[in-house]
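In this note's numbering, each number is its position in the sequence shown, counted from 1, plus 311.
In this text, a Cβ means the ideal position worked out from N, Cα and C, and glycines have one as well.
From a predicted model like this one, the values you see are computed outputs, not experimental measurements.
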Amino acid sequence: GALRLGTVPGLPDAAYEHDGQLTKRHIRAATLGTLAPAPGELLWDVGGGSGSIAIEWLRAHPSCRAVSVERDAVRAERITRNAERLG
């Protein structure tokens with residue numbers, strides 16, 4: 312079936328395209344809970360990997376912003392695809 316995406320941090324690992332470099336679901340949930348993104352805040356995600364932290368930060372509120380820095384071109388493209396798919 313279709314993957315259900317909740318509105319709280321900690322999307323299923325299967326929601327992300329990745330090459331093994333993925334912050335696991337429970338760690339993402341704890342990280343976002345600790346960071347507590349507020350409307351309009353900006354996150355710098357250095358070494359973005361699959362983009363999971365930045366994507367879940369952006370899902371916290373429509374006005375949240377994120378900049379993901381990833382030197383590996385393949386991973387950077389993957390971040391873009393994940394962001395487009397997961398919103």
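- Task: Tell me whether the beta-carbon of residue 334 lies closer than 8 angstroms to the beta-carbon of residue 363.
- Result: Position 23 of the sequence shown, counting from 1, holds the residue named residue 334. Position 52 of the sequence shown, counting from 1, holds the residue named residue 363. Closer than 8 angstroms, so yes.
- Item | Option nearest residue 398 by Cα separation, candidates 345, 365 and 337 | If you number the sequence shown from 1, residue 398 lands on position 87. Residue 398 has its Cα closest to that of 365, out of 345, 365 and 337.
- Item | Residue range of the unbroken beta strand (DSSP E) whose run includes residue 333 | For this step, residue 333 is matched to residue 22 along the sequence shown. Careful: residue 333 lies outside any beta strand (DSSP E) and carries neither H nor E.
- May I ask you to report which of helix, strand or coil DSSP gives residue 385? Counted from its first residue, the sequence shown places residue 385 at position 74. Here residue 385 sits in helix by DSSP.
- Item | 8 angstroms contact criterion, which residue 358 and residue 381 should meet: CB distance rounded | Locating residue 358 in the sequence shown gives position 47, where the first residue counts as 1. Locating residue 381 in the sequence shown gives position 70, where the first residue counts as 1. Contact flag correct, Cβ pair sits at about 7 angstroms.
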